[in-house]
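Below is one structure, written out as structure tokens; comments come after it.
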Ligand SMILES: [Fe+2]
Ligand SMILES: [Fe+2]
């Protein structure tokens, strides 16, 4: 059994994945999802209900009236957004250590950043972009479920400046892009999700989809300790992306996502 299979089967067999997360993944693929189904998922979970309402009533949306019913929240936000919120919540129980919590926050920031970038600079329909941004590091989530001490060690070393992919290869025998891709394929997620996960650290590869360029940039912007500059202009040019001020964009994304993260904590 190779390393990818070992990690995947270990995590899936131990049922470390909460049901609500797997249900949410199913829903991503269901074009006929309706209000009833979404309501059912949410109402099974008190924490999810509470946090959904807290987020809807937060400054992020700034609705003038107080929303107290899940049905009203769904009507105001729309299915897509409610599905995104379920996914954000569903990821959380899988993150138990401090580095895990940081990964959860990073995933949320990256989802919003990817969506914003896709809408504003590349004119890509934002439908699936949020989900892809949220799941881009699912390989790291799997590492955490597989062996939390090694995961924390990788996080510690990469924060010291050592290339994360190299450390992962060393510790787990494979990096998080390949494990994430394999997971997405196993869960039958759309190919655009699996290939973007695969190339999100390698956006100039000839097989990399356009979305991996977006997620790569979102990845760089949402680092806890970003590089300075966040990305060289020449690299932005190679990506074919024009952005005036990455620092300003980073500040805007952190300000918005702080509200979301606090509501869902
Ligand atoms: Fe990554
Ligand atoms: Fe990331």
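Numbering (our numbering), first residue to last: 11 to 275.
From the three backbone atoms N, C-alpha and C, an ideal C-beta is built for every residue, glycine too.
**Request:** For residue 172, count neighbouring Cβ atoms within 10 angstroms of its own Cβ and tell me buried if that reaches 16, exposed if not.
**Result:** Residue 172 should be labelled exposed.
Check your understanding: What's the C-alpha gap between residue 105 and residue 111?
Key -> Cα-Cα distance, rounded: 5 Å.
Counting only the same chain and skipping the five closest in sequence on each side, list residues whose C-beta sits under 6 Å from that of residue 45. So the qualifying residues of the chain are 84.
Span of the alpha helix (DSSP H) holding residue 115? 108 to 127 is the extent of the alpha helix (DSSP H) around residue 115.
Item to complete: Would you tell me roughly how many angstroms separate the C-alpha atoms of residue 233 and residue 213, rounded to the nearest one?
Response: C-alpha separation (whole angstroms): 17 Å.
Check: So, is residue 219 buried or exposed, given that buried needs 16 or more other C-beta atoms within 10 angstroms?
Finding: When all chains shown are included, residue 219 counts as buried.
Query raised in the report: Less than 9 Å separating the beta-carbons of residue 253 and residue 119?
Result: Result no, Cβ atoms of residue 253 and residue 119 do not sit closer than 9 Å.
* **residue 238 - DSSP class collapsed to helix/strand/coil** => For residue 238, the three-state secondary structure derived from DSSP is coil.
- Task: Look at the alpha carbon of residue 190 and the alpha carbon of residue 208, and state the distance between them as a whole number of angstroms.
- Result: C-alpha separation (whole angstroms): 7 Å.
Q) Hey, would you say the C-beta of residue 117 is under 8 Å away from at least one heavy atom of ligand 2? A) Within the chosen limit of 8 Å, ligand 2 reaches the beta carbon of residue 117 through at least one heavy atom.
Can you say whether residue 289 is buried or exposed, counting buried as having 16 or more other CB atoms within 10 angstroms of its CB? In this structure the chain extends from 11 to 275, so residue 289 is not present and cannot be described.
Exercise. Return yes when at least one heavy atom of ligand 3 lies under 8 Å from the C-beta of residue 60, else no.
Key: Annotation note on ligand 3: not contained in the displayed structure, which lists ligand 1 and ligand 2 as its ligands.
For residue 66 versus residue 87, is the C-beta spacing smaller than 9 Å?
-> Cβ distance < 9 Å, so residue 66 and residue 87 count as in contact.
Given residue 249 as reference, the closest of 131, 149, 98 and 151 once Cα atoms are compared: Distances from the CA of residue 249 to each of 131, 149, 98 and 151 were compared; the closest alpha carbon is that of 131.
Which residues in the same chain have their Cβ closer than 7 Å to the Cβ of residue 228, if we skip the five residues on either side of it in sequence? Cβ neighbours of residue 228 within its own chain (closer than 7 Å, five residues either side excluded): 120, 123, 124, 127 and 143.
**Asked** Between the segment 89 to 106 and the segment 173 to 187, are three or more C-beta pairs nearer than 8 Å?
**Response** Two segments are said to touch when three or more pairs of C-beta atoms, one from each, lie closer than 8 Å; by this definition the segment 89 to 106 does not touch the segment 173 to 187.
| query | Using the C-alpha atoms, what's the distance from residue 221 back to residue 139? | reply | Rounded to whole angstroms, residue 139 and residue 221 show a C-alpha spacing of 8 Å.
- Task: With a floor of 4 residues, list each alpha helix (DSSP H) that falls wholly inside the segment 50 to 79, ordered by position along the chain.
- Result: Runs of the alpha helix (DSSP H) inside the segment 50 to 79: 56 to 66.
Check your reading: residues with Cβ closer than 5 Å to ligand 2 heavy atoms = My final list is 147 and 229.
If we count the other Cβ atoms within 10 Å of its Cβ and call it buried at 16 or more, is residue 56 buried or exposed?
With fewer than 16 other Cβ atoms within 10 Å, it is exposed.
### Message
Could you check whether the Cβ of residue 174 sits closer than 8 Å to any heavy atom belonging to ligand 1?
### Response
At least one heavy atom of ligand 1 lies closer than 8 Å to the C-beta of residue 174.
Same chain only: Cβ atoms within 7 Å of residue 168, ignoring 5 sequence neighbours per side: Setting aside the 5 residues that flank it on each side, residue 168 is surrounded in the same chain by 174 and 177, each with a C-beta closer than 7 Å to its C-beta; the list follows chain order.
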